[in-house]
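Top to bottom, those sequences are chains A and B.
Read in order, the letters of the first sequence are residues 1 to 314 in this note's numbering.
Read in order, the letters of the second sequence are residues 315 to 628 in this note's numbering.
There are 2 protein chains.
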Amino acid sequence: MALTNLDLVAQCDGFPYPDGHSDRYLVSINTYYQLRVAGYNNALGYMLPSVAEVFRGIPNWSLDDDERILTLTGGSTAEERSKAVETTLLAMRETGHFKVLNKWRDELYPVYGVGKELLFNVERSASPLFGVVTYGVHLTAYTRKDGELKIWTPRRARTKQTYGGMLDNAVAGGIASGESPFESLVRECGEEASLDEELVRSRAKACGTVTYWYVRDERAGGETNLMQPEVQYVYDIELPEDVMPKPGDDEVEEFYLWSVEEVQDAMRKGEFKPNCALVALDFLVRHGILTSENERDYIEIVSRLHRKLEFPTL
Amino acid sequence: MALTNLDLVAQCDGFPYPDGHSDRYLVSINTYYQLRVAGYNNALGYMLPSVAEVFRGIPNWSLDDDERILTLTGGSTAEERSKAVETTLLAMRETGHFKVLNKWRDELYPVYGVGKELLFNVERSASPLFGVVTYGVHLTAYTRKDGELKIWTPRRARTKQTYGGMLDNAVAGGIASGESPFESLVRECGEEASLDEELVRSRAKACGTVTYWYVRDERAGGETNLMQPEVQYVYDIELPEDVMPKPGDDEVEEFYLWSVEEVQDAMRKGEFKPNCALVALDFLVRHGILTSENERDYIEIVSRLHRKLEFPTL
């Protein structure tokens, strides 16, 4: 069955909203454990009870079942906390506690407090265990051929562990701790699409963020139902007709130059990686292709592409 | 003191968020009365207790103090409900109950249910009494002079009852019941900026929505603290250098052609009508002028420009 654009949004922005005190929202909120850092009153993420349970009695952590809060008590600086988190995760990886840790990336993601201060860094593969906000960049590359807008659309390598063979945005990647969004974009443009650095620096345009609260399913790999609230910095680049992105590593199988209709058709068939469909929808909205006249759920879609996350963000 | 961009957002998107079960949110929610229509379970807006109180014992309305719900019981079709609402409001206007009704506009605003069906129409000036979602169009008109982007910025007539003398977007107006966003835009472009209809139809580009939950202050006129959740359909138009918007009615004093710096400077000084500052911020984000590199509150700002309203929308 064809997916509507709202279906595509809902697939990725799956955590319920508090609208009208919705029971679904309250049940969700009351099921999870909050992650906190000692000395700070804010939830930094939501964790499955089955995940929080594993931290019971472990040094540097304190589990409060009444308040449903897991607190990182080890360390009083970002460096010390990061070390405490790493020690715990390495041990858990060793004992094979969590499937997501089998995909250890040796890449650190930052977790921020309400003052935008770095609280700690966490190994990328572990971030969904804690349900903390993660950050990425997504670029839509397009060109105009005889006045018609065409979108460069890569297919992910079928061998990729996550979402293999699905369609993607021209360039996309996570932002490691300490890296700025734009520098991350420039790097990924070279690695994933062989785009010339100077071209990217002069032509890529920041166009906002797409934010959503993803609840992981089988396709993400590892444990399901882990929370993954995400911020994607979105960029557009209009490429000259003679510039063609080319796979620069083994992550992309092929780039297609597709019309808007071809992109929308593939979206309806569910061929896009879920969060890439959202970035594509945001592009279509900003470029006046998706409008209130042709999209019944326009208002809800535009809002949900920019969800206000409940946790501190950068 | 100079206003930050987040200050500007907060002025307009003033209703608290449920983040982390914030006390401010719960107190707000528990203070107001929900507006409902008989046979529907959804809140359509939030009303001040002092406003809901006035509907006690009035035909066609039922006030439930325990559940804090005011229900429109009169009528079973949109037409009948609209008539019941009108009858009540005309009587209240007669008796001088509400200051906002002194600005009676003879213009109807639609109120929708969860299935996007029209539930009833309500006189524009009365909509904040009920706290229902209202809809409008805002256009940013810009041009490129020697490669530099310049924004057409009108100053509202000083004689205007609301926000007199403040800065505005090139064209803005409310969408009356039965009117489509684009047709409303075309009409307003003629009335407010003397823009040629064909030019607008061929060049104006839909760019999404800006949504926020405004709590009315003195500058809006009438009772304060009334709720005004709003959806603004935003459009961009790039004008040829030789096209100049001209005031077409007595609502605008003058159009300035300003650089981005001049616009941002006026924003910092609080010279823009609050919701127009939000539309301007959205424009600056979409055009890569406001970025994560130069705006500390980028993520929060982008999300809050697209608030997901808790009530059904079109």
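In this text, a Cβ means the ideal position worked out from N, Cα and C, and glycines have one as well.
Helix, strand or coil at residue i [DSSP, three-state]
i, result
"N355/B", "coil"
"P424/B", "strand"
"T605/B", "coil"
"V557/B", "coil"
"S259/A", "strand"
"M330/A", "The structure shown does not extend to residue 330/A, since chain A spans only 1 to 314, so no value can be given for it."
"R610/B", "coil"
"I29/A", "helix"
"A172/A", "strand"
"R530/B", "coil"
"A266/A", "helix"
"E191/A", "helix"
"D327/B", "coil"
"E511/B", "helix"
"E310/A", "coil"
Candidates the options: closest to residue i by CA position
i, options, result
"Y212/A", "W152/A, A277/A, N169/A, A176/A", "A277/A"
"D146/A", "P240/A, I301/A, I69/A, D196/A", "P240/A"
"D19/A", "A440/B, V577/B, V428/B", "V428/B"
"Y17/A", "L314/A, P312/A, R304/A", "R304/A"
"G389/B", "S498/B, A398/B, R621/B", "A398/B"
"P245/A", "T153/A, Y135/A, P49/A, A2/A", "T153/A"
"G488/B", "L481/B, L499/B, D482/B", "L499/B"
"S180/A", "D168/A, Y135/A, T162/A", "Y135/A"
"V279/A", "T313/A, W258/A, V234/A", "V234/A"
"A352/B", "G410/B, M361/B, E394/B", "E394/B"
"W61/A", "L309/A, L72/A, S177/A, E67/A", "L72/A"
"V210/A", "N275/A, A193/A, L195/A, L26/A", "N275/A"
"V616/B", "G602/B, E624/B, L628/B", "G602/B"
"V259/A", "E67/A, E148/A, V100/A, V231/A", "It should be pointed out that residue 259/A corresponds to Ser in this sequence rather than to Val. The option with the nearest alpha carbon to S259/A is E148/A."
"H306/A", "A534/B, D596/B, V557/B", "D596/B"
"D611/B", "G270/A, E117/A, E191/A", "E117/A"
"E505/B", "V414/B, E408/B, D563/B", "D563/B"
"I372/B", "L509/B, V341/B, E400/B", "E400/B"
"T476/B", "A580/B, L571/B, E532/B", "E532/B"
6 Å CB neighbourhood of residue i in its chain, flanking five on each side removed
i, result
"A172/A", "H138"
"T605/B", "none"
"V51/A", "L129"
"D236/A", "T140, K205, C207"
"S438/B", "Note on identity: in this sequence residue 438/B is Arg, with Ser being the wrong assignment. Cβ neighbours of R438/B beyond the five flanking positions: R419, E421, Y423."
"R472/B", "G478, G479"
"F569/B", "W466, P468, P559"
"Q11/A", "P274"
"A2/A", "R268"
"V9/A", "I301, R304"
"G131/A", "G45, Y46, M47, M227"
"N121/A", "S82, L108, P110, S177"
Same chain only: Cβ atoms within 7 Å of residue i, ignoring 5 sequence neighbours per side
i, result
"R530/B", "P442, T538, N539, L540, Q542"
"K160/A", "E251"
"T287/B", "Nothing can be reported for residue 287/B, as the shown portion of chain B is limited to 315 through 628."
"L63/A", "A52, F55, R56, L70"
Beta-bridge pairing of residue i - partner residues as DSSP gives them
i, result
"L349/B", "G359/B, L384/B"
"P468/B", "F569/B"
"T538/B", "BP columns for T538/B are empty, so no partner."
"F586/B", "L481/B"
"R144/A", "L149/A"
"Q161/A", "In the DSSP output, where bridge partners are listed per residue, Q161/A has none listed."
"G136/A", "G174/A, Q232/A"
"V524/B", "Q546/B"
"I237/A", "A141/A"
Near the ligand ADP: residue i beta-carbon under 7 Å from a heavy atom
i, result
"L8/A", "Summarising the ligand content, the structure contains no ligands, and the ligand ADP is consequently not present."
Residues of its chain near residue i, where Cβ-Cβ distance is below 8 Å and the 5 sequence neighbours each way are ignored
i, result
"Y354/B", "G427, V428, L433"
"E253/A", "P154, R155, R156, A157, R158, G165, P247"
"S516/B", "none"
"F412/B", "V365, V368, M406, A440, L443, G536, E537"
"R144/A", "K150, E238, E241"
"D168/A", "T153, P154, R155, R156, V252, F272, K273, C276"
"N356/B", "R350, G427, V428, F625, P626"
Minimum Cβ-Cβ distance from residue i to chain D less than 8 Å
i, result
"G522/B", "Among the chains of the structure shown, chain D does not appear; the protein chains present are A and B."
**OP:** Pick out the complete alpha helix (DSSP H) segments inside the segment 364-446 of chain B, 4 residues or longer, and give them in chain order.
**Re:** Segments of the alpha helix (DSSP H) lying fully in the segment 364-446 of chain B: 392-408, 441-444.
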